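Visitor: Residue numbers (our numbering), protein chains in the order written: chain V, 1 to 156; chain X, 157 to 312; chain U, 313 to 389; chain L, 390 to 466.
Backbone N, C-alpha and C define an ideal beta-carbon position, used for all residues, glycine too.
If you're wondering where the values come from, they're calculated on a predicted model, not measured in any experiment.
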Amino acid sequence: MSSDLFTITDQPISVEEMTQKVIRPECGAVTTFMGTVRELTNGKRTISLEYHAYESMAVKMLEQIGQEIKEEWPDTLAVIAYRKGHLNISDIAVVICISSLHRKPAYEANQYAIERIKEIVPIWKKEQWADGTEWIGDQLETTAYPEGKPPKGGSL
Amino acid sequence: MSSDLFTITDQPISVEEMTQKVIRPECGAVTTFMGTVRELTNGKRTISLEYHAYESMAVKMLEQIGQEIKEEWPDTLAVIAYRKGHLNISDIAVVICISSLHRKPAYEANQYAIERIKEIVPIWKKEQWADGTEWIGDQLETTAYPEGKPPKGGSL
Amino acid sequence: MIKILFFARLQEEMGTESIEVEKAGYTVRDVKEWLADNHQLSTISQTMVAINEDYANDDDMVNESDTIAFIPPVSGG
Amino acid sequence: MIKILFFARLQEEMGTESIEVEKAGYTVRDVKEWLADNHQLSTISQTMVAINEDYANDDDMVNESDTIAFIPPVSGG
Numbered sequence: 001m002s003s004d005l006f007t008i009t010d011q012p013i014s015v016e017e018m019t020q021k022v023i024r025p026e027c028g029a030v031t032t033f034m035g036t037v038r039e040l041t042n043g044k045r046t047i048s049l050e051y052h053a054y055e056s057m058a059v060k061m062l063e064q065i066g067q068e069i070k071e072e073w074p075d076t077l078a079v080i081a082y083r084k085g086h087l088n089i090s091d092i093a094v095v096i097c098i099s100s101l102h103r104k105p106a107y108e109a110n111q112y113a114i115e116r117i118k119e120i121v122p123i124w125k126k127e128q129w130a131d132g133t134e135w136i137g138d139q140l141e142t143t144a145y146p147e148g149k150p151p152k153g154g155s156l
Numbered sequence: 157m158s159s160d161l162f163t164i165t166d167q168p169i170s171v172e173e174m175t176q177k178v179i180r181p182e183c184g185a186v187t188t189f190m191g192t193v194r195e196l197t198n199g200k201r202t203i204s205l206e207y208h209a210y211e212s213m214a215v216k217m218l219e220q221i222g223q224e225i226k227e228e229w230p231d232t233l234a235v236i237a238y239r240k241g242h243l244n245i246s247d248i249a250v251v252i253c254i255s256s257l258h259r260k261p262a263y264e265a266n267q268y269a270i271e272r273i274k275e276i277v278p279i280w281k282k283e284q285w286a287d288g289t290e291w292i293g294d295q296l297e298t299t300a301y302p303e304g305k306p307p308k309g310g311s312l
Numbered sequence: 313m314i315k316i317l318f319f320a321r322l323q324e325e326m327g328t329e330s331i332e333v334e335k336a337g338y339t340v341r342d343v344k345e346w347l348a349d350n351h352q353l354s355t356i357s358q359t360m361v362a363i364n365e366d367y368a369n370d371d372d373m374v375n376e377s378d379t380i381a382f383i384p385p386v387s388g389g
Numbered sequence: 390m391i392k393i394l395f396f397a398r399l400q401e402e403m404g405t406e407s408i409e410v411e412k413a414g415y416t417v418r419d420v421k422e423w424l425a426d427n428h429q430l431s432t433i434s435q436t437m438v439a440i441n442e443d444y445a446n447d448d449d450m451v452n453e454s455d456t457i458a459f460i461p462p463v464s465g466g
């Protein structure tokens with residue numbers, strides 16, 4: 001699978017370019033998902049955030065997701081780009097584009113891709129909150145470290 | 157509802173511009189659907205097609221779909237653009253963009269929009285086939301008129 | 313006078329986009345029957361109808377100056 | 390020698406991105422225990438582990454020159 005289709009980048013992602021990569025004469029449908037930086041999470045205001053990736057493995061996992069999609073929805077073509085580094089509110093963190101002959105697989109494969117990204121792609125966000133604190137954690141946003149550091153020690 | 161959000165146009169539709177219309181600080185997710193002109197339908201090769209619309213009513217119906225989405229998924233913002241006139245293979249006929257706080261409503265509302273478009277928006281395609289015939293019909297593609305004209309007369 | 317609009321295959325069958333006729337006071341059903349009788353439109357019963365750009369039922373009345381549109385199955389998307 | 394990579398909160402706890410140690414032949418479980426004993430990593434048991442960029446299980450062996458990565462719950466998307 002071409003590494004051109006599954007990328008981690010520190011540059012803004014062009015939705016237009018991503019779309020052009022998947023449009024094919026045999027296709028009638030393209031779905032796109034964009035994850036953007038949200039200002040408010042559970043009432044807390046984000047100023048900006050940084051995405052950190054285990055980059056080589058993240059690309060490999062994106063490729064694996066592409067492979068899984070190919071097996072489940074053979075007529076689809078998928079591209080995924082993930083932006084790392086510093087992002088501001090409303091910046092695009094991730095873009096998933098799927099083309100297929102008809103619309104149903106394009107929606108299904110797209111939703112599958114974002115769910116899998118949240119499970120297996122080694123990328124983490126570090127949020128800078130308006131109240132001066134920061135937070136690093138999983139996507140369920142269940143664990144907060146208001147002092148800016150997770151607690152040390154503790155049991156296994 | 158602003159007519160800027162629901163449009164029929166004879167110009168190419170910019171996905172980038174459409175996306176920018178719905179991205180908001182409170183949102184974390186944007187979904188886009190693009191309907192593109194497919195080369196093959198049931199084994200027949202399309203050369204090009206023309207979309208004809210009952211334009212004033214089509215815009216009104218797109219606005220109605222927007223209203224339905226707003227009621228069902230209150231945190232979403234929707235834009236829809238439909239291209240009329242002559243289109244070639246892989247040209248984009250329709251773009252639906254939905255933004256929302258979280259991804260689930262963005263996918264659901266987007267799929268709802270395309271289903272409703274196929275039900276209530278007065279737009280018709282006229283296909284020019286490679287074998288010299290043409291076809292005008294519903295989206296189920298069940299009725300073909302190989303002589304280029306639907307049969308005249310017949311019973312109610 | 314009312315205005316009648318035709319689209320897609322109906323427009324091709326009629327050979328025109330619209331006609332104006334003195335049928336104010338007719339129901340949608342009446343207009344359909346009149347069209348079937350006078351213009352041999354084969355698929356008129358399968359079409360949806362809109363009065364002034366809103367979908368209407370067979371029992372709805374077409375009033376003076378209204379526009380009634382016959383809308384074959386749409387093929388957008 | 391094996392290379393151990395730390396990410397996110399684990400990286401902040403360790404104060405470094407990676408270490409190299411003579412632990413070839415250890416299982417993933419052995420490496421976790423060694424890290425817990427020697428570096429007091431609070432959340433090591435909740436992390437996923439990858440060997441050479443593929444997810445691995447506790448019973449998998451870390452061989453000479455392998456890279457083992459500790460991957461806290463991811464937060465992409």
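#1: Helix, strand or coil: how does DSSP classify I245 (chain X) here?
#2: Quick one: give me the first and last residue of the beta strand (DSSP E) that Y51 (chain V) is part of.
#3: Between which two residues does the beta strand (DSSP E) containing W124 (chain V) stretch?
#4: According to DSSP, simplified to helix, strand and coil, what is L233 (chain X)?
#5: Under a three-way DSSP split, which group does S314 (chain X) fall into?
#6: Could you compute how far the alpha carbon of E334 (chain U) sits from the alpha carbon of L353 (chain U)?
#7: Grab me the residues of D231 (chain X)'s own chain with a C-beta within less than 7 Å of its C-beta, minus the 5 sequence neighbours each way, in chain order.
#8: Between X:V193, X:L233 and X:C183, which has its C-alpha nearest S246 (chain X)'s C-alpha?
#9: Taking Y263 (chain X) as the query, report the chain V residues whose CB atoms sit under 7 Å from its CB, ordered along the chain.
#10: Check whether the Cβ atoms of I117 (chain V) and V95 (chain V) sit closer than 9 Å, and answer yes or no.
#11: Spell out a yes or no on whether the region 285 to 293 of chain X and the region 209 to 220 of chain X are touching, meaning 3 or more CB-CB pairs, one atom from each, closer than 8 Å.
#12: Would you report the Cα separation of A392 (chain U) and L317 (chain U), rounded to the nearest angstrom?
#13: Is it buried or exposed, R341 (chain U), if we count other Cβ atoms within 10 angstroms and call 16 or more buried?
#14: If distances are taken between C-alpha atoms only, which option among X:I179, X:A209 and X:I279 comes closest to L233 (chain X)?
#15: For D366 (chain U), which residues does DSSP report across the bridge?
#16: For M18 (chain V), would you say it is in contact with chain L, using Cβ-to-Cβ distances shorter than 9 Å as the test?
#17: Contact between the region 199 to 211 of chain X and the region 180 to 188 of chain X: three or more CB pairs below 8 Å?
#18: Check the Cβ-Cβ distances between K60 (chain V) and every residue of chain L, and say whether any is below 9 Å.
#19: Spell out whether any CB of chain L is found under 9 Å from the CB atom of S155 (chain V).
#20: Could you run through the region 174 to 198 of chain X and flag, in chain order, every residue whose CB is less than 8 Å away from some CB of chain V?
#21: Could one say the Cβ of R103 (chain V) lies closer than 9 Å to chain X's Cβ atoms, at least one of them?
#22: Considering Cα atoms alone, identify which of X:T197, X:E224, X:A214 and X:P168 is closest to E264 (chain X).
#23: Within 10 angstroms of its Cβ, does G327 (chain U) collect 16 or more other Cβ (buried), or is it exposed?
#24: Where DSSP assigns a beta bridge to V95 (chain V), which residues make up the other side?
#25: Express the C-alpha separation of I248 (chain X) and F319 (chain U) in angstroms, rounding to a whole number.
#26: Would you please verify whether the beta carbon of S255 (chain X) is less than 9 Å from any beta carbon of chain V?
#27: For S454 (chain L), is the classification buried or exposed, using 16 other Cβ atoms within 10 angstroms of its Cβ as the cut-off for buried?
#28: Listing by chain order, which chain U residues have their CB less than 9 Å from the CB of K274 (chain X)?
#29: Using the rule of at least 16 other Cβ atoms within 10 Å of the residue's Cβ for burial, across every protein chain shown, is E283 (chain X) buried or exposed?
#30: If I'm right that T416 (chain L) touches P461 (chain L) with Cβ under 8 Å, what's the distance once you round it to whole angstroms?
#31: Taking DSSP's pairing of strands, which residues face M217 (chain X) in a bridge?
Guide: This is what the structure holds:
#1: coil
#2: K44 to A53
#3: I123 to W129
#4: strand
#5: Absent from the model: residue 314 (chain X). The displayed extent of chain X is 157 to 312, so no value can be given.
#6: 19 Å
#7: S256, L257 and P261
#8: X:V193
#9: Y107 and Q111
#10: no
#11: no
#12: With chain U represented from 313 up to 389, any question about residue 392 (chain U) goes unanswered, as that position is not in the structure.
#13: exposed
#14: X:I179
#15: U:I363
#16: no
#17: no
#18: yes
#19: No answer about S155 (chain V) holds up, because its pLDDT of 30 lies below 50 and its placement is not dependable.
#20: T175, I179, R180, P181, E182, C183, G184, A185, V186, T187, T188, F189, M190, G191, T192, V193, R194, E195 and L196
#21: yes
#22: X:E224
#23: exposed
#24: V:M34 and V:A81
#25: 23 Å
#26: yes
#27: exposed
#28: V386, S387, G388 and G389
#29: buried
#30: Their Cβ separation, rounded to whole angstroms, is 20 Å, which puts T416 (chain L) and P461 (chain L) out of contact at 8 Å.
#31: According to DSSP, M217 (chain X) bridges with nothing at all.
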